[in-house]
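To keep things clear, I will list the structure first and then write my remarks on it.
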Amino acid sequence: MSRAPLGLRAARTVIRLAGAFVPRERRGEWQRLWSAELEHRWQVHRQRPARDLVRWSLGAFSHAWYVLRTEFTMDSILQDVRYALRSLRSGKGLVAVAVISLALGIGASASIFSVVDVLMFRPLPYEDSERVVRIYTTNEERGWTEVSVTVPDFLDFRDQSEVTDIAASSGESFNLSGGDRPERVVGRRVSYNFFRVLGMPPVRGRSFTEGEERAGQNRVVIITDGFWHRHFGADPAVLDETVLLNGEPHTIVGVLSPDFWSEYHGVDVWVPFGVTGEESRASYYLSVVGRVQPTATVDRARVEISQIANQIAAAYPQTSSGNGAHMLTLQSNMTDEGVRSGSLIGMTAVAFVLLIACANVANLLLTRAAGRDREVALRGALGAGRIRIAQQFLAEAVVISLLGGALGLVFAAFGIRGLISIIPPDFERIDAVGLDGRVLLFTGVVTIATGLIFGMAPVLQSAKTNFVDSLKEGGRSGGGVTSGRFRKALVVAEVSLAVTLLVASALLVQGFNRLQGGENGFDETDVLTFRITLPANEFPDTTALDAFYTSLRPRIQALPGVVSASATSILPWRGNSGTWYWLSEQEPLDSEKSITNYRYILPEYFEALDVPLLRGRTFTGGDRPTTARVVVINEAMVARHWADADPIGQRIHLSSGVREIVGVVADTREYGSTDAPDPMMYMATVQGMNRSMSWVVETSTPPAALADAVRAEVAAVNPNLPVFQVMGLDLVIRDALQGDAIMPRVMGVLALVALVLSVGGVYGVMAYSVSQRTRELGIRMALGAHGRSVMSMVVRQGTMLAGLGVGVGILLALGVSRGLSLFLYGVNPFHPPTFVGVAVFLLGAGVAASYFPARRATKVDPMLALRTE
0 MSRAPLGLRA ARTVIRLAGA FVPRERRGEW QRLWSAELEH RWQVHRQRPA
50 RDLVRWSLGA FSHAWYVLRT EFTMDSILQD VRYALRSLRS GKGLVAVAVI
100 SLALGIGASA SIFSVVDVLM FRPLPYEDSE RVVRIYTTNE ERGWTEVSVT
150 VPDFLDFRDQ SEVTDIAASS GESFNLSGGD RPERVVGRRV SYNFFRVLGM
200 PPVRGRSFTE GEERAGQNRV VIITDGFWHR HFGADPAVLD ETVLLNGEPH
250 TIVGVLSPDF WSEYHGVDVW VPFGVTGEES RASYYLSVVG RVQPTATVDR
300 ARVEISQIAN QIAAAYPQTS SGNGAHMLTL QSNMTDEGVR SGSLIGMTAV
350 AFVLLIACAN VANLLLTRAA GRDREVALRG ALGAGRIRIA QQFLAEAVVI
400 SLLGGALGLV FAAFGIRGLI SIIPPDFERI DAVGLDGRVL LFTGVVTIAT
450 GLIFGMAPVL QSAKTNFVDS LKEGGRSGGG VTSGRFRKAL VVAEVSLAVT
500 LLVASALLVQ GFNRLQGGEN GFDETDVLTF RITLPANEFP DTTALDAFYT
550 SLRPRIQALP GVVSASATSI LPWRGNSGTW YWLSEQEPLD SEKSITNYRY
600 ILPEYFEALD VPLLRGRTFT GGDRPTTARV VVINEAMVAR HWADADPIGQ
650 RIHLSSGVRE IVGVVADTRE YGSTDAPDPM MYMATVQGMN RSMSWVVETS
700 TPPAALADAV RAEVAAVNPN LPVFQVMGLD LVIRDALQGD AIMPRVMGVL
750 ALVALVLSVG GVYGVMAYSV SQRTRELGIR MALGAHGRSV MSMVVRQGTM
800 LAGLGVGVGI LLALGVSRGL SLFLYGVNPF HPPTFVGVAV FLLGAGVAAS
850 YFPARRATKV DPMLALRTE
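FYI, numbering that gives the first Met the number 0 numbers position 618 of the sequence shown as 617, with every residue one higher than the one before it.
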C-alpha cells in the first residue's frame with residue numbers, strides 16, 4: 000500500500016494535536032468523525048489538497064478552541080485558584096523556595112528593563128520626536144563620520160533647507176556673580192529658533208528673536224525652572240531681571256517648563272549666539288538639530304541636507320573640500336553602539352537568570368507533582384478530563400508566579416535604586432528611570448509568561464499519568480524515567496546558562512580591572528584639582544591672562560603643604576583635544592596634514608604630576624607671550640617622526656604659528672584608553688589664549704584639606720571668579736571610570752544569582768533522586784554495599800549533571816563572549832584561563848551540591864527501606 004501524501008499526513012497530525020484538548024469522554028468520537036470527514040474530503044478533492052488541508056486544519060482548531068472556551072469558564076478558574084491556594088499551603092517550604100527563585104529572576108528583569116526602556120525604547124519627550132533629527136559633518140578622506148558643524152555651514156543649512164527647520168547650540172559655562180559668592184553655572188549658546196525646533200518654548204516670557212542671535216544684541220537669557228526656584232525663589236516678576244554672566248549683564252526674557260528636557264545634562268542658562276559673520280568654516284563645534292516638516296519624510300530631508308553640503312564643499316574647497324552631511328533621528332543618535340550593546344547584553348543576561356529561575360521552579364513543581372499521581376488518577380477516575388487537570392496545575396503555577404512577581408517588584412525597587420547609584424548622573428535621561436507604568440506592565444507580562452512556562456512541566460507530566468496503574472496499591476509514583484530525565488535536562492540547562500553568565504562577568508571584571516589598574520604614567524594620589532574660567536571681557540588678551548596666572552600660582556604654592564602648583568587645559572581622563580600640524584616649511588593641503596592631541600599647561604605641570612622629563616626642558620617663567628613659541632612632546636610623538644633623530648630644536652607648524660620642540664616627557668594615559676599612548680603635544684598657556692584651566696596642586700597633606708584655602712587665594716586675586724570642580728585627581732579618574740563599571744557590576748550580580756539558583760537546582764535534583772531511590776539504596780546496603788561506595792555513586796551522578804552543563808555552557812559562552820569585546824578593554828574574549836577557571840568552579844559547586852544528598856543516602860536504614868517489599 001502506497002504511503003499517504005504529505006498533505007494528508009499533516010492533516011492527520013493536526014487532528015491528533017487538536018484532539019488532545021478535547022475531554023477524554025468525547026475524544027474518541029471527535030477524532031473518528033474528523034478522520035472520516037478528512038478521508039471523504041481527500042477522496043473527493045484529490046486535485047486541491049493544499050486548499051482543503053488549510054480548511055480542515057482551521058476547522059479542527061476552531062472546534063478545539065470551542066472546547067477550550069467551554070471548559071475554561073470563570074467559575075472553574077476561580078474554583079481552581081481557591082483549590083491551588085489550599086493545596087500550596089501544605090508545601091510551604093517548597094512554595095517559599097519557588098517564590099524567592101522567581102522573585103530574583105523577575106526583580107532582576109524589571110530592574111534592567113527600567114533602564115533599557117528609558118535608553119532604548121521610550122520616545123524622547125518632544126512632540127513628534129521621531130521628526131527631530133541630528134546633523135553631522137562627514138568627510139571620507141579625513142575619516143569623519145559624525146563631526147560637529149561650523150557656524151557658516153549651519154547658517155547655510157538653515158537658510159537653504161526647505162523641509163527641515165534647523166537650529167544649533169554649543170556648550171559654554173558661565174561665571175555667575177553678584178551674589179554672596181560667585182558660582183559656575185552650566186549653560187549653552189543657541190540659535191534663536193532652538194526652542195521652536197524642539198517644540199518646547201518657555202512657559203513664562205518668550206523665546207529669543209532673530210536679531211538677538213547677532214553679536215552685541217545677545218545679552219538676554221532664558222533660565223530653567225530649577226534655576227528660577229534656586230536663585231529667585233520662583234518670583235513671578237523674574238522677567239526683565241538682570242544677571243551677571245561672565246561679568247556682563249544679561250536680561251531674563253523667559254523661564255522654561257519644569258518638564259523641559261535636554262540631552263545636555265545640568266544646563267541652567269541658555270544664551271543666544273553672538274554671530275559676527277567672521278566665523279571660520281574650519282572651526283567645527285556646533286551641535287545641530289532639526290525638525291522635519293510634517294509634509295516631508297526624514298529620508299527626503301536627508302537627501303536635501305546632503306545636496307546642500309555638496310554645494311558648500313564646491314563653493315569653499317579650501318576649507319570644505321570632501322565634506323558631506325549625515326542626518327539621523329535624535330533618538331537613534333542618543334543610542335550609540337555602547338548603549339545598544341550594553342542594553343542587549345543586560346537583557347540577555349536577565350533572560351538567562353529568568354530561565355534559570357523558571358527551570359528551578361519547574362523542577363520543584365515536578366517534584367511536587369510526582370507525589371500526586373494518585374490524586375490525579377483519582378480525579379480522572381471521578382470524571383475530570385485532562386484539560387481540567389491541566390487547568391489545576393496551571394492555576395497553581397500562576398499563583399506561585401504572581402506571588403513571585405509581587406515579591407519581585409520589591410526586589411526591583413531596590414535593584415533600580417542600586418542601578419541608579421552606579422550610573423553616572425550625566426547619563427541620558429537617567430532621572431526618568433523608576434517603577435512606572437511601563438515597568439509594571441512589563442513585570443506583569445513576564446510574571447504571567449513565566450507562570451505558564453514552568454507550569455507546563457507538571458501539566459505534561461500529568462498527561463502521561465496512567466490512571467489505572469496509579470490507583471493500584473503500591474503503584475509507583477514520580478513520573479517515571481521520562482520525568483527524571485526531564486528534571487536532569489532542566490538542571491543541565493541551568494548550569495550551562497550559569498556558566499555563560501559567570502564567564503561573561505569574569506571577562507568584564509578583568510577588562511575593568513585592566514582599565515582601572517593600568518599604569519597612568521603620573522601620580523594622582525596626592526593632587527588636588529579645581530577649575531577656573533576667566534571671562535573674555537576682563538581678560539581680553541594674553542597679557543591679562545599672563546598677569547592673572549603669574550599672580551595666582553605663587554600664592555597657591557605658598558600655602559602650607561603645597562609641593563608644586565600648575566594648571567592644564569584638560570585634566571587627564573577628562574576628555575581630549577586635537578589639532579592639525581605639519582613639519583614641512585610649506586603648508587600642505589588639509590588632507591595631507593597630521594593630527595595630534597594637545598594640552599595647554601603652566602610651568603611645573605609635569606613636576607606636580609611626577610611625569611619624568613626625558614630630554615631637554617619643560618616650560619619656565621622665561622616662556623612669555625612675547626618670546627619664541629615652544630612646545631614639549633611625549634615619547635609617542637618622538638616615535639612617530641624622530642625615532643632615529645634628536646627632536647630637540649625641531650619645528651612644528653600649527654595654524655597658530657611655528658613652535659620649537661624644547662623637551663620630551665614620558666607617555667601618560669590621558670583619557671582611559673588601554674591601547675598604546677597617542678602622540679601628545681604640550682604648549683605654554685601664556686603663549687595661547689586659553690581662559691579655562693584646571694589647576695593641579697601637589698600636596699604633602701590630604702588634598703581635600705586645601706580646598707577652602709585655595710578658594711580664599713583665588714578670591715584674594717579676583718573675588719568675582721568662582722572655583723568649581725574641586726576634587727582630588729584620584730576622584731576625577733574614579734568618576735571617569737564610573738560608566739565603565741556599570742557592566743561588570745551588573746553582570747557580577749546576575750552571575751551570582753544564577754550561580755545560587757543553578758547550584759540549588761543540582762542539590763534539589765540529587766536530593767529528590769535519593770528520596771526516590773530509598774528502597775534501591777537500602778537493597779544495595781543490605782547486600783553489603785559500603786556507605787562510601789553509595790556516596791561516591793550519588794556524587795558521581797551529580798557531578799555528571801554539572802559536567803554536562805559546564806560543557807554546554809562553555810560552548811554557549813564562546814558564542815556570547817564575542818559580543819562583549821566593546822567592554823573588555825584589551826582582554827581576549829576567548830581568554831582560556833577564565834573559561835577553565837569557571838568550569839572548574841562550577842564543577843566544584845556541583846560536587847558540593849551533591850555531597851549532602853549523598854551523605855543522606857548513606858544513612859538509609861536497610862530494614863526500613865525494605866519493609867514495604
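Every residue gets a Cβ at the ideal spot worked out from N, C-alpha and C, and that includes glycine.
Since the structure is predicted, the reported quantities are computational estimates derived from the model, not experimental observations.
- Secondary structure at Pro271: strand, using DSSP grouped into helix, strand and coil.
- Counting the other Cβ atoms within 10 Å of the Cβ of Leu118 gives 16 or more, which makes it buried.
- In the three-state reduction of the DSSP assignment, Trp227 falls in the helix class.
- Within the same chain, Ile647, Val661, Gly662, Val663 come within 7 Å of Gly615 by CB-CB distance, once the 5 residues on both sides are set aside.
- DSSP places Pro316 in no beta strand (DSSP E) but in the uninterrupted alpha helix (DSSP H) bounded by 316-319.
- In terms of Cα proximity to Ser400, the closest of Val287, Arg416, Asn359, Glu277 is Asn359.
- Nearest C-alpha to Glu336 among Arg121, Ser286, Val114, Phe822: Phe822.
- Gly802 and Gln796 have their C-alpha atoms some 10 Å from each other.
- Runs of the beta strand (DSSP E) spanning 3 or more residues and lying entirely within the stretch 149-184 occur at 163-170, 173-176, 182-184, in chain order.
- For the pair Gly836 and Leu343, the Cα-to-Cα distance works out to about 26 Å.
- Met636 places its beta carbon less than 7 Å from that of Pro678.
- Val657 counts as exposed, since fewer than 16 other C-beta atoms from the protein chains shown sit within 10 angstroms of its C-beta.
- Per the DSSP secondary-structure output, Met326 pairs in a beta bridge with Ile134.
- Secondary structure of Ile569 (DSSP, three-state): coil.
- Beta-bridge partners of Phe529 (DSSP): Trp694.
- Segment contact: the stretch 728-738 against the stretch 530-539, fewer than three CB-CB distances shorter than 8 Å; contact not assigned.
- Boundaries of the alpha helix (DSSP H) around Gln556: 541-556.
- Assignment of Gln391 by DSSP, reduced to helix, strand and coil, places it in the helix class.
- When Gly414, Tyr125, Val826, Met726 are compared, the shortest CA-CA separation from Phe529 is found for Met726.
- Contact between the stretch 682-693 and the stretch 622-640 is established, with three or more Cβ pairs separated by less than 8 Å.
- Counting only residues of its own chain and dropping the five nearest sequence neighbours on each side, Met455 has no CB closer than 7 Å to any other CB.
- With a minimum length of 4 residues, the unbroken runs of alpha helix (DSSP H) contained wholly in the stretch 195-244 fall at 224-231.
- Take the alpha-carbon of Val162 and the one of Ile307: they are about 12 Å apart.
- DSSP places Leu810 in the uninterrupted alpha helix (DSSP H) bounded by 786-816.
- Under the DSSP assignment, Gly253 falls in the beta strand (DSSP E) whose first and last residues are 247-254.
- The residue from Phe351, Ser565, Gly170 with its alpha-carbon nearest to that of Tyr599 is Ser565.
- Runs of the beta strand (DSSP E) lying entirely within the stretch 91-147 and spanning at least 3 residues, in chain order: 131-138, 143-146.
- Going by DSSP, Glu634 is part of the alpha helix (DSSP H) stretching over 634-640.
- With 16 or more neighbouring CB atoms inside 10 Å of its own CB, Phe547 falls in the buried class.
- For Ala715, the uninterrupted alpha helix (DSSP H) run begins and ends at 706-716, by DSSP.
- If only complete runs of 3 or more residues are kept, the stretch 709-761 shows the beta strand (DSSP E) at 723-727, in order along the chain.
- With a cut-off of 8 Å on Cβ pairs, the stretch 344-353 is in contact with the stretch 497-507, counting three or more such pairs.
- Beta bridge pairing from DSSP links His652 with Trp581, Val657.
- Cβ neighbours of Ala361 within its own chain (closer than 7 Å, five residues either side excluded): Phe453, Ala456, Leu489.
- In this structure Val189 touches Phe272 by the C-beta definition: roughly 7 Å separates them, less than 8 Å.
- In the DSSP assignment, Tyr604 falls within the alpha helix (DSSP H) that extends over 604-607.
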